[in-house]
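Undergrad: The structure is given below, and queries will be raised subsequently.
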Amino acid sequence: MKVRKYMIAAALAGVLCVTASCSFLKEEPTTSLSETSAYRSEEALESQVYGILSSFYGKYMMQGYMNEQLHTASGLMMWKGQRTQDDWTEGLKFAKYSTTAPNQGWYQELYAAISCCNRLLDNLPSSPVEESFKTDIEAEARFYRAVLYYYLARLYADVPLILTCPKNIGETNQPRTVYYKVYAAIINDLDFAEKNMRDKVAAEAAAPGKGRPCNWAATAMKASVYMTIGSLLSSYEADPNDQFFDTSKDAALIAEGKDPRTPDFNAIGIGNARDAWELCFRTSEKVISEGPYRLAGDYRQLFRWTDPEDFTLDERIFVLQSTNTSASENRLALMSLPMFVEGSANTTTKNGNFGRFRPSRFLFQKFAADNGGVKGSDAENSDIYVKCPDPRFNASFIHTSYKRLDNGSSLKVYPDATCIKVIDGAAVFPYYRKYLDPTFDVNSGCADFYLMRFAEMYLISAEAAARLSGGEGDQYWQTALARIETLHSRARKSTDGAEAAFPTWKDRTFSGKDELVNAIIWERSYEMCGEGHEYFDTHRCGAKWLSEQIAVPLNEFLQQPEQGPGEGNVGVFKYNYVGSTFPTAQSDLRKSLLCAFPATTEAIYNTQIDPVKDQNDFYWQ
């Protein structure tokens, strides 16, 4: 039976928004609807909201190039450059160079969507509809604007903070706003959305089956924002040189009448890291205990794209829904699956992008190692993990082999012993199984993209509790363990028979709080791998964490015999990373905590941006 899905692009002709960032505005916006008619009815206002949400589907947005290319810089994902199978490093440069099309695209499309929000909010007061309905619309628009700025702040830190639609070209020239004021604006919008968005029942009634977020989505997003702020402040308080905050420029900034960049979140009631983590804990716990969400009984339900009931799971907080008719709308199956993969409808025409974004070997091996994995028995793979009893592992990855539907052949893939030392070809890395879509045929499919699901609240609560803990055995410590154990308990039951057996969190021991926190952050990578969190999770905790948890162990991993001879006796996995190794010095990695600000392009239209002075410090230039 064809899955009932919905296109959220209903009335784009009625969306009165600019077609690029406010700073990229070159001409007056045009529309097929008059300024008056576009806001005079409830139906017209709803179409404006659909237009905002539809912008999340853009080519460079969350389920497009941002997901498949940005997260390569985490070390946990690989990207097949130019469809040649021989350049997995290309994704790294997208985040590190200001002139790359993807980096410019992320910036432009995020601001294009913000412009849609601002135009709707600016015109809403004059609408003749009832005030209560206007409040519903305002709250949802401000929720989307907050999410969009949250992406911008995590990518670039300081960005132009534009909360109204410019009335002329001159007003598009805005300087970068210091990051903590951007976060204050994000929280302000989410506070309003939390108080005024429709509840879950009303949101569904207003737009049946379209997955519109409700007021609790704003609360959940606040928990994520507090987590990010807490991470920034924790690393800064431990070492002022551990984050992107450039205190050496403070004096010059003050002399120029600009804000220093040292962290100052007092405007939103956060004076230090503990304040942020307490807010994070209370907010995530509120969603867990009072919200309308529930974990799916089976982890696999989250990624079954055939059962209509699975599209209405209570675990879905904020989801980009798709149809099986539009390639431009859904790039997930197209970019992640092997060709002619069993379980899809792709039987006649191969997927030309087969496995364009894929999990790294490093993540695959660490997932198995931390969750009771089993090593191979053949000589070539006796020292590496080839399988794992955690059901999330097989639900997340296509590995070892897969069946081709077109000819029935079985194709071997990493970590099969014959594939470990392959220099070229599709066998080099595993694939993501999460987007294995039975309706996918060549270009399109039904796989949805989770911007946020309820399991993340357990992960956020666990991390906040661990950060607040005074040591093993206290209430915060026990809460952290319990929250992760809830997810593991669900995972163990996600089988067709007896519960899976892998180590429980209640039986684990940790040397101290730091080890517990690190383990929880890695749990985010296991539970939500391939769902668009990789870059942000590996960069929010500072340069020291990035060095100790990613760069150093990854470099050690690259020296393992399994990487093969490669070119110049450099293994295939090592060879396909930038410069064969990652930099490990904290002073170097500190410069890579942000993406390069696309100042070269921005400066063409924005006279308030200096392409040199206003560029982020970053390493791989």
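For the sequence shown, the numbering used here assigns the number 19 to the initial residue and increments by one for each residue that follows.
Ideal Cβ placement from N, Cα and C applies to all residues, glycine included.
Treat the numbers as computed from the prediction; the structure is a model and nothing was measured.
#1: On the CB-based measure, 16 or more other CB atoms within 10 Å of its CB, does D434 come out buried or exposed?
#2: Measuring CB to CB, does A482 end up less than 8 angstroms from F299?
#3: Tell me, to the nearest whole angstrom, how far the beta carbon of F372 is from that of M80; I am working on the premise that it is less than 8 angstroms.
#4: Spatial neighbours of L564 within its chain, please: C-beta separation below 7 angstroms, excluding the five flanking residues on both sides.
#5: Would you grab the beta carbon distance between Y420 and V431 for me? Rounded to a whole angstrom, and I think it's under 8 angstroms.
#6: Alpha carbon to alpha carbon, how far is P356 from L3? Give it in angstroms, no decimals.
#7: Quick one: grab the DSSP three-state call for K430.
#8: Starting from W495, trace the alpha helix (DSSP H) in both directions and tell me its first and last residue.
#9: Assuming the contact rule is C-beta atoms closer than 8 angstroms, K218 and W234 should be a hit. Round their C-beta distance to whole Å, please.
#10: Any chance the segment 602-616 sits against the segment 626-634, with 3 or more Cβ pairs inside 8 angstroms?
#11: Can you grab the Cα-Cα spacing for the pair M245 / R137, in whole Å?
#12: Quick one: what's got a C-beta closer than 6 angstroms to T602's C-beta in the same chain, skipping five residues either side?
#13: Just to confirm my understanding: we take A640, look at its own chain, exclude 5 residues before and 5 after, and list those with CB closer than 6 angstroms. What are they?
#14: Locate the beta strand (DSSP E) running through I335, then write down its first and last residues.
#15: Report the rounded CA-to-CA distance for S72 versus I205, giving the unit in angstroms.
#16: Alpha carbon to alpha carbon, what distance is there between A285 and N624?
#17: Mind checking who K405 pairs with in its DSSP beta bridge?
#18: Taking 8 angstroms as the cut-off, decide whether the C-beta atoms of S507 and D316 are in contact.
#19: Who are S462's beta bridge partners in DSSP?
#20: Exposed or buried, which one is T619 when buried takes at least 16 other CB atoms within 10 Å?
#21: Beta-carbon separation of F74 and L338 under 8 angstroms?
#22: Note down the Cα distance separating S52 from A220, rounded to an integer number of angstroms.
#23: So Y197 packs on A175, CB below 8 angstroms; how close in whole Å?
#24: How far does the alpha helix (DSSP H) with R558 in it reach, from first residue to last?
#25: Helix, strand or coil: how does DSSP classify W6 here?
#26: If you draw a straight line from the alpha carbon of P211 to that of K240, how long is it in whole angstroms?
#27: Between A238 and the rest of its own chain, which residues show a CB-CB distance below 7 angstroms, the 5 nearest in sequence each way excluded?
#28: If you draw a straight line from the alpha carbon of D649 to that of A159, how long is it in whole angstroms?
#29: Evaluate the contact criterion for the segment 246-258 versus the segment 288-297: three or more CB pairs, one atom per stretch, below 8 angstroms.
#30: S640 lies in the beta strand (DSSP E); which residues open and close that run?
#31: Output the boundary residues of the beta strand (DSSP E) element that contains Y642.
#32: Using 8 angstroms as the threshold, is the segment 371-388 in touch with the segment 438-457, meaning 3 or more CB pairs across them?
#33: Use the C-beta contact count for N186: other C-beta atoms within 10 angstroms, 16 or more gives buried, fewer gives exposed.
#34: Give the list of continuous alpha helix (DSSP H) stretches no shorter than 4 residues that lie fully inside the segment 93-166.
#35: Secondary structure at P377, three-state DSSP: helix, strand or coil?
#36: Any heavy atom of the ligand SAH within a distance shorter than 7 angstroms of the CB on R608?
TA: Looking at the atomic coordinates:
#1: Translated into the one-based positions of the sequence shown, residue 434 becomes position 416. Its Cβ being crowded by 16 or more others within 10 Å, D434 is buried.
#2: In the sequence shown, residue 482 corresponds to position 464, counting from 1. In the sequence shown, residue 299 corresponds to position 281, counting from 1. Yes.
#3: For the purposes of this step, residue 372 is identified with residue 354 of the sequence shown, where counting begins at 1. For the purposes of this step, residue 80 is identified with residue 62 of the sequence shown, where counting begins at 1. Actually they do not touch by this definition, with Cβ atoms about 22 angstroms apart.
#4: The residue given as residue 564 occupies position 546 in the sequence shown. Contacts found: T556, H557, L607.
#5: Counted from its first residue, the sequence shown places residue 420 at position 402. Counted from its first residue, the sequence shown places residue 431 at position 413. Going by Cβ atoms, the distance from Y420 to V431 rounds to 6 angstroms, so yes, they are a contact pair.
#6: Lying before the first or after the last residue shown, residue 3 is absent from the chain, which here runs from 19 to 639.
#7: Against the sequence shown, residue 430 aligns to sequence position 412. Strand.
#8: In the sequence shown, residue 495 corresponds to position 477, counting from 1. Counting along the chain, the alpha helix (DSSP H) containing W495 begins and ends at 493-510.
#9: The residue given as residue 218 occupies position 200 in the sequence shown. The residue given as residue 234 occupies position 216 in the sequence shown. Right, the Cβ-Cβ distance comes to about 7 angstroms (below 8 angstroms), so this counts as a contact.
#10: The segment 602-616 makes contact with the segment 626-634: 3 or more CB pairs, one atom from each, lie closer than 8 angstroms.
#11: Against the sequence shown, residue 245 aligns to sequence position 227. Against the sequence shown, residue 137 aligns to sequence position 119. Looking at the two C-alpha atoms, the distance is approximately 30 angstroms.
#12: For the purposes of this step, residue 602 is taken as the residue at position 584 of the sequence shown. Around T602: S565, A569, V570.
#13: In the structure as shown, the chain begins at 19 and stops at 639. Residue 640 is therefore absent and cannot be evaluated.
#14: The residue given as residue 335 occupies position 317 in the sequence shown. Here the beta strand (DSSP E) through I335 covers 334-338.
#15: Position 54 of the sequence shown, counted from the first residue, corresponds to residue 72. Position 187 of the sequence shown, counted from the first residue, corresponds to residue 205. So the two alpha carbons sit approximately 23 angstroms from each other.
#16: The sequence position of residue 624 within the sequence shown is 606, counting from 1. The sequence position of residue 285 within the sequence shown is 267, counting from 1. Cα to Cα, the separation comes out at about 28 angstroms.
#17: One-based indexing of the sequence shown puts residue 405 at position 387. Answer is V392.
#18: As a working mapping, residue 507 is identified with position 489 in the sequence shown. As a working mapping, residue 316 is identified with position 298 in the sequence shown. No; because the gap between Cβ atoms is not below 8 angstroms, this pair is not in contact.
#19: Here residue 462 refers to the residue found at position 444 of the sequence shown. In the DSSP output, where bridge partners are listed per residue, S462 has D459.
#20: By 1-based counting over the sequence shown, the position of residue 619 is 601. Its Cβ being crowded by 16 or more others within 10 Å, T619 is buried.
#21: Translated into positions along the sequence shown, residue 74 becomes position 56. Translated into positions along the sequence shown, residue 338 becomes position 320. It is a contact, given that the beta carbons lie within the stated cut-off.
#22: Here residue 52 is taken as the residue at index 34 of the sequence shown, counted from 1. Here residue 220 is taken as the residue at index 202 of the sequence shown, counted from 1. At S52, the pLDDT of 49 sits below 50, so the modelled position is not reliable; the number obtained from the coordinates is stated separately. Answer to the nearest angstrom: the Cα atoms are 29 angstroms apart.
#23: Position 179 of the sequence shown holds residue 197. Position 157 of the sequence shown holds residue 175. Yes, they are in contact, since the Cβ atoms of Y197 and A175 sit about 4 angstroms apart, within 8 angstroms.
#24: As a first step, residue 558 is located in the sequence shown; it is residue number 540 there, counting from the start. Careful: R558 lies outside any alpha helix (DSSP H) and carries neither H nor E.
#25: Because residue 6 is not part of the residues shown, which for the chain are 19 to 639, the question remains open.
#26: Counting from 1 along the sequence shown, the entry for residue 211 is found at position 193. Counting from 1 along the sequence shown, the entry for residue 240 is found at position 222. Looking at the sequence itself, residue 211 is Ala, so the reference to Pro does not match. Roughly 10 angstroms between the two C-alpha positions.
#27: The residue given as residue 238 occupies position 220 in the sequence shown. So the qualifying residues of the chain are V305, I335, M470, M475.
#28: As shown, the chain starts at 19 and ends at 639. That puts residue 649 outside it, with no answer to give.
#29: yes
#30: Here the chain comprises residues numbered 19 to 639, so residue 640 is not present and cannot be evaluated.
#31: Residue coverage of the chain in this structure runs from 19 to 639, which leaves residue 642 outside it and unanswerable.
#32: At 8 angstroms Cβ cutoff, the stretches touch.
#33: As a position in the sequence shown, residue 186 is number 168, starting the count at 1. Burial call: exposed.
#34: 108-114, 119-141
#35: Numbered from its first residue, the sequence shown carries residue 377 at position 359. P377: strand per DSSP, three-state reduction.
#36: Summarising the ligand content, the structure contains no ligands, and the ligand SAH is consequently not present.
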